[in-house]
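Beneath this line is the structure, given in structure tokens, with notes to follow.
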Ligand code: GLU
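In the working numbering, the protein residues as written are 1 to 477.
Pasting the structure below:
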């Protein structure tokens, strides 16, 4: 059984890159009927941000990326949290010390500072404490001298295979005797991560490609414990339009911010599915269920993907189009009501009209602003090349329409439709020659969210006649 885990650190808001890792991790498990686990990696207490775990949890819930197991929290599965598992890591580190795969290091901060290469700002540990004998180690431990536990990097090279990036070999001389347990007793991320992945029987480790360079050290840990190495799936970087790495610290691409701007969770999820993965055909709009069926690690790209807000905006519009009318009305009702003061108009109908014409709900007021008050417009609005409308023939159409509509009692869409099309037939003109001038006179806009007949119904008889008369007056000058 495939088991994957999403292992975020609670260091602030959830950004696009985190969410994409969560999504791919989820899809890899679910595509094969496997299990998806959520593990909060909060071992770095310095970077811990209050409330960040809740943000992660809520974002995943909103996106439908629910995890399959975890400690019981009020009848739901909570996430696994590394800080609550603190005891287990020390035991494994000591086990490595005993098998001579790791060692206690009592070096002071001051001593370590002297080893730092200031130019490159890196510290390559000189293995000073590797040569301590058992007696010296015991004395230090008995005296409660602060210590860390370091991994012994053996000589030679390390080779591992990544699903996307292929086989990678690294010279062990380039790897540092990394710290496994810090002086505060907490395991480092690098250590806890390996222990947990093993204990949680994770089969596929899915994470950002920034972890590729640390993977040899993880591999050496698996080897030191004689544990099975998981399958690695490293994901390509996500960059900005200018090619720079997206970064949570710079506030780029926070999922909450995007939702606050009016992006729909489904649109965000769909868009990011394609940020580093492509389907075998050129389908773009996918539900989570569809993605689960077709997702395949072989189609994950190696090269960085550029985050494109314009494309995301397009997806948002597509999701409004797809949305069920009642569901959309729930989102739009307040804003539609606030946009149209006329009590008589059918807000549900207006909501249906704008649904397929917006990328954001906040665009609705502008689309509907002509209903309460006819905007100032010029007679150019009547000229449409394709429809062959001119100021002259528009005037004729409006005059004819005015007469018919004056005697029209029933202003419901069906009846208006019959009356207007009967007139078109009688005049022996093309539909556009009547409908375009009518629409222009009624809306005063180059484009409106609906056609002439619907506009007549929405505005009602009195207002419609008033606007047509105004059009006639303007065109008669
Ligand atoms: N805790 C790491 C992070 O938030 C996750 C790395 C991993 O998935 O192994 O970047």
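Think of the CB as a built atom: it goes at the ideal place given N, C-alpha and C, for glycine as much as any other residue.
All values derive from a computational prediction rather than experimental measurement.
Pick helix, strand or coil for residue 107, following the three-state DSSP scheme. Mapped onto the chain shown, residue 107 falls at position 107. Three-state result, residue 107: coil.
Between which two residues does the alpha helix (DSSP H) carrying residue 453 extend? Numbered from 1 along the chain shown, position 453 holds the residue referred to as residue 453. Residue 453 -> alpha helix (DSSP H) spans 452-476.
Counted within 10 angstroms of its Cβ, other Cβ atoms place residue 111 as buried (16 or more) or exposed: Stepping through the chain shown from its first residue, residue 111 is reached at position 111. It is exposed - the Cβ of residue 111 has fewer than 16 other Cβ atoms within 10 Å.
Residue 35: first and last residue of the uninterrupted beta strand (DSSP E) it sits in: Residue numbering aside, residue 35 sits at position 35 when the chain shown is read from its first letter. Note, residue 35: beta strand (DSSP E), 35-40.
Per DSSP, residue 45 forms a beta bridge with which residues? The sequence position of residue 45 within the chain shown is 45, counting from 1. According to DSSP, which records beta bridges pairwise, residue 45 is partnered with nothing at all.
Could you give the distance in angstroms between the alpha-carbon of residue 129 and the alpha-carbon of residue 172? Position 129 of the chain shown, counted from the start, is the residue given in the question as residue 129. Position 172 of the chain shown, counted from the start, is the residue given in the question as residue 172. Their Cα atoms are separated by approximately 19 Å.
Indicate, with yes or no, if ligand 1 has a heavy atom lying under 6 Å from the CB of residue 207. Walking along the chain shown from the start, residue 207 turns up at place 207. It does: the Cβ of residue 207 is within 6 Å (strictly closer) of some heavy atom of ligand 1.
Please go through the same chain and pick out, in chain order, the residues whose beta-carbon is closer than 7 Å to the beta-carbon of residue 466, but skip the five residues on each side of it. Within the chain shown, residue 466 is the residue found at index 466, counting from 1. None.
So for residue 153, helix, strand or coil by DSSP? Indexing the chain shown from 1 puts residue 153 at position 153. Taken through DSSP and simplified to helix, strand or coil, residue 153 comes out as coil.
Mind checking who residue 235 pairs with in its DSSP beta bridge? As a first step, residue 235 must be located in the chain shown, where it is residue number 235. Note: residue 235 sits in a beta bridge opposite 208.
Could you tell me how far apart the beta carbons of residue 195 and residue 80 are, in whole angstroms, since I believe they sit closer than 8 Å? The residue given as residue 195 occupies position 195 in the chain shown. The residue given as residue 80 occupies position 80 in the chain shown. Contact flag wrong, Cβ pair sits at about 12 Å.
Buried or exposed for residue 398, please, with buried defined as at least 16 other CB atoms from any protein chain shown within 10 angstroms of its CB. As a first step, residue 398 must be located in the chain shown, where it is residue number 398. Residue 398 comes out buried.
One or two residues paired with residue 75 in a DSSP bridge: On the chain shown, residue 75 is found 75 positions in, with the first residue counted as 1. DSSP, once it has assigned bridges, lists no residue as partnering residue 75.
Do residue 183 and residue 146 have their CB atoms nearer than 7 Å? In the chain shown, counting from the first residue as 1, residue 183 sits at position 183. In the chain shown, counting from the first residue as 1, residue 146 sits at position 146. Contact: yes.
Taking buried to mean at least 16 other C-beta atoms within 10 Å of its own C-beta, is residue 454 buried or exposed? Here residue 454 refers to the residue found at position 454 when the chain shown is read from its first residue. Residue 454 is buried by the Cβ-count criterion.
If you check the beta carbons only, do residue 320 and residue 342 fall under 7 Å apart? In the chain shown, residue 320 corresponds to position 320, counting from 1. In the chain shown, residue 342 corresponds to position 342, counting from 1. Contact: no.
Can you look up residue 256 in the DSSP assignment and give me helix, strand or coil? Here residue 256 refers to the residue found at position 256 of the chain shown. Residue 256 falls in the helix class under three-state DSSP.
To the nearest angstrom, how far is it from the Cα of residue 277 to the Cα of residue 37? Walking along the chain shown from the start, residue 277 turns up at place 277. Walking along the chain shown from the start, residue 37 turns up at place 37. Using only the alpha carbons, I get a separation of about 22 Å.
Report the residue from 187, 330, 270 whose alpha carbon sits nearest the alpha carbon of residue 287. To locate residue 287, count along the chain shown from 1; it is residue 287. When each option's Cα is compared against that of residue 287, the closest is 270.
In chain order, each alpha helix (DSSP H) run of at least 4 residues that lies wholly inside the segment 115-185: 134-142
Indicate the three-state DSSP secondary structure (helix, strand or coil) for residue 448 in the structure shown. Along the chain shown, read from residue 1 onward, the residue named residue 448 stands at position 448. In this structure, residue 448 counts as coil in the three-state DSSP scheme.
I need the straight-line Cα distance from residue 23 to residue 99, nearest angstrom please. As a working note, residue 23 is residue 23 in the chain shown. As a working note, residue 99 is residue 99 in the chain shown. When rounded, the distance between both Cα atoms is 39 Å.
Unbroken alpha helix (DSSP H) runs of length 4 or more, entirely within the segment 423-448: which are they? 431-443
Only counting runs of 4 or more residues, tell me where the alpha helix (DSSP H) segments fall wholly within the segment 294-336, in order along the chain. 309-322
Indicate the three-state DSSP secondary structure (helix, strand or coil) for residue 67 in the structure shown. Sequence index remark: in the chain shown, residue 67 carries index 67 (1-based). Coil.
Short check: CB of residue 202 to CB of residue 5, under 7 Å? The count along the chain shown starts at 1 and reaches residue 202 at position 202. The count along the chain shown starts at 1 and reaches residue 5 at position 5. For residue 202 and residue 5, yes; Cβs fall inside 7 Å.
Taking 6 Å as the line, does the beta carbon of residue 304 fall inside it for any heavy atom of ligand 1? Taking the chain shown and counting its residues from 1, the one referred to as residue 304 is at position 304. Result no, Cβ not under 6 Å from ligand 1.
6 Å Cβ shell around residue 56 - same chain, five flanking residues per side excluded: Start at 1 with the first residue of the chain shown, and residue 56 comes out as number 56. Sequence-distant partners of residue 56 (beyond 5 residues in either direction) whose C-beta falls short of 6 Å from its own C-beta, in its chain, are 8, 14.
Give a single yes or no on whether residue 76 has its beta carbon closer than 6 Å to a heavy atom of ligand 1. Taking the chain shown and counting its residues from 1, one reaches residue 76 at position 76. No, the beta carbon of residue 76 sits no closer than 6 Å to any heavy atom of ligand 1.
If we ignore side chains and look at the alpha-carbon of each, how far apart do residue 104 and residue 39 end up? Translated into positions along the chain shown, residue 104 becomes position 104. Translated into positions along the chain shown, residue 39 becomes position 39. The alpha-carbon atoms of residue 104 and residue 39 are separated by roughly 28 Å.
Do the segment 333-342 and the segment 432-443 make contact, defined as three or more Cβ pairs closer than 8 Å? By the Cβ criterion, the segment 333-342 is not in contact with the segment 432-443, since fewer than three pairs of Cβ atoms, one from each stretch, lie closer than 8 Å.
Can the beta-carbon of residue 66 be found less than 7 Å from the beta-carbon of residue 272? As a first step, residue 66 is located in the chain shown; it is residue number 66 there, counting from the start. As a first step, residue 272 is located in the chain shown; it is residue number 272 there, counting from the start. Cβ distance not < 7 Å, so residue 66 and residue 272 don't count as in contact.
Got a sec? Which residues, its chain only, sit under 7 Å from residue 219 by beta carbon, not counting five neighbours each side? The sequence position of residue 219 within the chain shown is 219, counting from 1. Same-chain partners within the cutoff: 158, 160, 229.
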